[in-house]
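Numbering (the numbering used here), first residue to last: 300 to 775.
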Amino acid sequence: MEDKSIFRNISPLDHRYYLSNKALFDDLADYISEEASIIYCIKAEAALLKSHMSLYGNRYADFFDLADSLPDSISPEEVYEEEEKTQHNIRALVNVMKSKVPDELKPFIHLGATSVDILDTASSMKYRDVVRNVVLPQLIKLEKQLAEIAAREASTPQVGRTHGQHAVPITLGFAISEYVSRLGKSIIEIERLSKDLRGKLAGAVGSYNSTSMIVKDPFELEKRYLGYLGLEPSEHSTQMVEPEYLLRLLTEMNTAFGIIANLADDLRNLQRSEISELREMFTSTQVGSSTMPQKRNPWNSEHVKSLWKAFSPRVITFFMDQISEHQRDLSNSASTRFIADYIAGFSAAVARMIKITATLYVDNERLTKNLRFTGDLVLAEAAYILLSCAGEPDAHEVIRKATLSCEANNTTLAAELPKDAETWKLISGQLMETAGIDALEFFSKPELYRGKSAEKAEMISSAYLKKMTELEESLK
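Laid out in structure tokens, this is it:
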């Protein structure tokens with residue numbers, strides 16, 4: 300095998316991101332490397348061989364172990380060397396396989412199959428396995444960490460923001476629970492779709508012409524073949540498996556990617572100097588800038604978003620691979636090879652977000668300071684609601700004018716509203732009746748006006764911790 304420096308590789312996935320995620324990328328390589336792709340094709344061919352042998356009762360029973368051992372007895376180098384002669388990858392694989400079995404089994408190798416019967420079936424197996432054995436465990440780990448943060452910070456006061464401006468008080472746990480909910484649903488959908496990838500043994504155009512010459516019931520032969528591999532047949536194959544099975548899985552992964560990128564963007568902004576409510580871990584030797592020693596850049600969050608920018612647009616190619624002329628053309632031959640890159644890029648982003656959330660620092664003092672930055676103006680909505688419920692027909696306008704006075708006089712609602720005794724009386728009375736809180740206490744503590752944000756955070760975190768635990772069990 301050629302001995303080449305890792306830094307001679309062209310794709311950043313194969314040097315920079317591999318070195319940052321060795322264990323993860325080694326796990327991915329077991330399923331979506333070129334070596335793994337060849338092994339999965341051998342597994343498909345071996346299943347076909349067993350299907351044919353099983354038609355003869357016990358006649359070939361002694362050869363089943365041989366068929367199962369084929370993935371371990373063929374190297375990628377052998378197949379590639381043979382492909383130099385055949386200029387056809389599956390025919391090369393078939394030739395190598397035939398060299399590994401007794402003469403009496405050679406007629407069964409690839410019998411009744413077309414190349415894509417093997418390729419698409421192998422692809423379904425490897426994407427099913429990589430998602431269930433690598434991607435989903437990573438996603439579940441991230442989801443659990445987010446749920447734990449949401450639960451821990453369920454009652455931590457934070458100012459809510461819309462349009463980049465302070466809106467009304469919430470809690471940090473509530474803000475995080477948004478992502479727990481969104482990502483959790485996507486994880487559950489990814490798991491469901493990963494179980495519905497399909498295979499085929501339907502021949503050159505999908506109409507079972509070839510296998511109809513071998514057995515009376517080619518549908519049953521196809522089921523037997525795929526049964527060895529843990530797959531169901533595509534409902535209607537041409538030469539290819541219907542592309543939508545894989546497309547739906549990939550697009551749901553892209554949905555999860557977008558959710559994670561959205562979280563990364565929020566975390567990045569909450570680390571801005573003027574906000575500074577959260578902070579990524581910075582080691583004692585880490586450098587934030589080559590020239591400004593004081594910098595503590597939120598580079599991990601930025602990195603996640605940058606990976607999303609690089610890989611998310613590839614979903615367009617996934618959709619383009621839906622289209623094939625008549626029963627098949629080769630216009631997806633090159634493009635589908637890069638699905639492995641997409642899964643690796645997505646997995647790298649998930650791993651980076653796991654790193655961020657595992658050590659995320661929460662600055663409670665800064666959270667409170669920011670909440671009170673505009674005094675009690677974040678309670679303007681509460682004042683308007685209370686006044687309206689007390690019977691004031693133009694409550695919104697009354698409070699709007701009061702906020703203008705606050706800004707002009709650099710005062711608070713607690714100072715401006717009592718200037719109109721009737722307005723203050725109505726607000727105070729309604730507040731006591733509704734919440735049992737004294738008005739002066741309420742307007743001095745914006746964190747009291749948080750609705751059900753803490754309860755929602757607790758509900759969401761508890762629900763998804765349970766769902767993720769159940770999902771973990773189902774994957775074992």
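Note that beta-carbon positions come from the ideal geometry of N, C-alpha and C, so glycine has one too.
Small disclaimer: the values here were computed from a predicted structure and weren't measured.
Would you kindly report the start and end of the unbroken alpha helix (DSSP H) that includes residue i?
i, result
"Arg665", "Asn663 to Leu670"
"Val603", "Trp598 to Phe610"
"Ser687", "Ala679 to Cys688"
"Lys443", "Leu435 to Arg451"
"Met512", "Looking at the DSSP string, Met512 is not in any alpha helix (DSSP H), and its letter there is neither H nor E."
"Ile373", "Counting along the chain, Ile373 falls outside any alpha helix (DSSP H), and DSSP gives it neither H nor E."
"Lys751", "Element bounds for Lys751: n/a, residue is neither H nor E."
"His351", "Glu333 to Ser353"
"His695", "Ala694 to Asn708"
"Ile558", "Glu543 to Asn568"
"Met539", "Where Met539 is concerned, there is no enclosing alpha helix (DSSP H), given that its DSSP letter is neither H nor E."
"Pro745", "First-last for Pro745: undefined, no H or E at that position."
"Asn394", "Asn388 to Lys397"
"Lys718", "That residue, Lys718, is in no alpha helix (DSSP H); it is neither H nor E in DSSP."
"Gly411", "Per DSSP, Gly411 belongs to no alpha helix (DSSP H) and is neither H nor E."
"Gly526", "Pro517 to Gly526"
"Thr616", "Val614 to Met619"
"Tyr317", "Arg315 to Ser319"
To the nearest whole angstrom, what separates the beta carbons of residue i and residue j, a pair I think is in contact under 8 Å?
i, j, result
"Gln535", "Glu541", "This sequence places His at residue 535; Gln is not what is there. Indeed they touch by this definition, with Cβ atoms about 6 Å apart."
"Met424", "Lys342", "7 Å"
"Ala503", "Ser509", "7 Å"
"Ala701", "Leu716", "6 Å"
"Ile305", "Arg749", "About 51 Å; that fails the 8 Å criterion."
"Gln437", "Ser646", "6 Å"
"Thr537", "Gly498", "About 14 Å separates the two Cβ atoms, so there is no contact after all."
"Glu601", "Leu659", "That belief does not hold up - the Cβ atoms of Glu601 and Leu659 are roughly 15 Å apart, past 8 Å."
"Glu381", "Ala391", "4 Å"
"Val467", "Glu680", "5 Å"
"Val479", "Ser760", "6 Å"
"Glu771", "Ile559", "With 8 Å as the limit, Glu771 and Ile559 do not qualify as a contact, their Cβ atoms being about 19 Å apart."
"Ile574", "Asn669", "7 Å"
"Lys397", "Ile389", "Incorrect: roughly 13 Å between the Cβ atoms, too far for contact."
"Ala501", "Glu519", "Wrong, their Cβ atoms sit about 13 Å apart, outside the cutoff."
"Val697", "Thr656", "The pair is not a contact, with the Cβ atoms about 44 Å apart (cut-off 8 Å)."
"Gln570", "Pro597", "4 Å"
Which two residues bound the contiguous beta strand (DSSP E) that contains residue i?
i, result
"His465", "Gln464 to Thr470"
"Gly459", "Pro456 to Thr461"
Identify which residue in the options has its Cα closest to the Cα of residue i.
i, options, result
"Glu691", "Lys724, Thr711, Asn669 and Tyr660", "Lys724"
"Leu562", "Met539, Asn599 and Arg547", "Asn599"
"Ala738", "Leu566, Leu712 and Met652", "Leu712"
"Ala609", "Thr420, Leu312 and Gly463", "Leu312"
"Ser632", "Pro370, Leu482, Pro375 and His387", "His387"
"Leu577", "Ala560, Arg595 and Met591", "Arg595"
"Ile373", "Ile408, Pro401 and Glu334", "Glu334"
"Ile337", "Leu525, Ile622, Arg636 and Ile513", "Arg636"
"Met652", "Val603, Ile638 and Gln621", "Val603"
"Gly483", "Glu573, Thr554 and Met539", "Thr554"
"Val649", "Val458, Leu441 and Pro401", "Leu441"
"Glu746", "Thr656, Ser760 and Leu676", "Leu676"
"Asn320", "Ser476, Tyr359 and Lys654", "Lys654"
"Gly644", "Met552, Glu696, Ser704 and Ala681", "Met552"
"Phe672", "Thr710, Asp640, Glu680 and Pro370", "Thr710"
"Leu354", "Pro517, Phe556, Ala714 and Ser476", "Pro517"
"Ala274", "Ala707, Asp719 and Asn708", "One cannot answer for residue 274 here, as it falls past the ends of the chain, which runs 300 to 775."
"Trp607", "Met352, Asp640 and Cys340", "Asp640"
"Ala412", "Lys515, Pro370 and Tyr524", "Tyr524"
"Phe362", "Met352, Asp371 and Pro370", "Met352"
Identify every residue that forms a DSSP beta bridge with residue i.
i, result
"Pro532", "Gly498"
"Leu577", "Val661"
Counting only C-beta atoms, is residue i closer than 8 Å to chain C at any point?
i, result
"Met424", "Given the protein chain composition of this structure (a single chain), no chain C is represented."
Is any heavy atom of the ligand SAH found at a distance shorter than 7 Å from the C-beta of residue i?
i, result
"Pro612", "Because no ligand of any kind appears in the structure shown, any question about the ligand SAH cannot be addressed here."
Just checking, does the segment 408-419 make contact with the segment 730-750 on the three C-beta pairs under 8 Å criterion? With a cut-off of 8 Å on Cβ pairs, the segment 408-419 is not in contact with the segment 730-750, counting fewer than three such pairs.
Would you check if there are 3 or more beta carbon pairs closer than 8 Å linking the segment 679-687 to the segment 357-367? Touching, no, given that fewer than three Cβ pairs across the two stretches are closer than 8 Å.
Three CB pairs or more closer than 8 Å across the segment 545-552 and the segment 524-533: With fewer than three CB-CB distances shorter than 8 Å, the segment 545-552 does not count as touching the segment 524-533.
Does the contact criterion of 3 or more C-beta pairs under 8 Å hold for the segment 655-669 versus the segment 609-621? No, the segment 655-669 does not touch the segment 609-621.
Quick test of the definition: if touching needs 3 or more C-beta pairs under 8 Å, does the segment 430-445 touch the segment 478-497? Yes, they touch.
Determine, using beta-carbon pairs with one atom in the segment 448-458 and one in the segment 750-761, whether at least three such pairs fall under 8 Å. Verdict: yes, contact present.
Count the CB pairs spanning the segment 396-404 and the segment 340-359 that are closer than 8 Å, and state whether there are at least three. Counting Cβ pairs under 8 Å, three or more are found: they touch.
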